[in-house]
Amino acid sequence: MKLEENISAFTYKTPIPIRFADMDMFGHANNAVYLTYFEQARSAYWKDIIEWDWKATGIILVKSEVEYLKPILLEDKITACVKTTRVGNSSFDIAYLLYAEEGDNFILKTIGKTTQVAIDYKTGKPVAIPQAEKAKMIAYDNPEM
């Protein structure tokens, strides 16, 4: 089983509320809101675990991938798993799982990945990931370097 499909490989988990406004004509979450779910999960992870200093260094999203495995429905209780999987000098990758709990079963709904780049607010240019944040990513998730 690939990392992206192994819930136990992810330490950080956070609930994702599903809104009626997320639904499309088919009665499931519209494909466009999945990136918002990833953003909610990633923002919580950065706040709770990484403690990113937003006043000092920015982050921009440069790539996103979403694999829709099963539809997310309004009544689903969704949990997002987040893990930093690669850390470079100025960029890093985050993997995501979105799953629903049905009794004792976990139903994997979506897997995804994003690539982020640290930037200098003044120049808009990439900069090295701050050492404090980088150290927390490495200590928490043990990503590829």
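The sequence shown begins at 116 in the working numbering and counts up by one. All residues carry an ideal CB built from backbone N, CA and C; glycine is no exception. All of these numbers come straight from a predicted model, not from anything done at the bench.
Cβ-Cβ distance between residue i and residue j below 8 Å
i, j, result
"I244", "S205", "yes"
Extent of the continuous beta strand (DSSP E) to which residue i belongs
i, result
"S179", "G173 to Y183"
Residue from the options with nearest C-alpha to residue i
i, options, result
"E154", "N257, Y255, L212 and D219", "L212"
"E217", "K198, K192 and K240", "K192"
"A136", "L223, K178 and I187", "I187"
"A247", "P241, W161, N220 and D219", "W161"
"P130", "I164, T225 and Y214", "Y214"
"V181", "I234, V242, G239 and T225", "T225"
Neighbourhood of residue i by C-beta distance below 7 Å, restricted to the same chain and skipping five residues each side
i, result
"F207", "T199, R201, Q231, I244 and M252"
Residue i, enclosing alpha helix (DSSP H) - first and last residue
i, result
"K128", "That residue, K128, is in no alpha helix (DSSP H); its beta strand (DSSP E) goes Y127 to I131."
"E248", "Q246 to D256"
Same chain, Cβ closer than 6 Å to residue i, neighbours up to 5 away in sequence not counted
i, result
"E259", "R201"
"F144", "Going by the sequence as given, residue 144 is Ala instead of Phe. Once the five neighbours on either side are set aside, the close Cβ partners of A144 are D137 and I187."
"E166", "none"
Residues near residue i in its chain [Cβ-Cβ closer than 8 Å; skip 5 each side]
i, result
"T126", "K198, Y255 and D256"
* Pick out the complete beta strand (DSSP E) segments inside the stretch 158 to 238, 3 residues or longer, and give them in chain order. => You should have 173 to 183, 193 to 202, 206 to 217 and 220 to 234.
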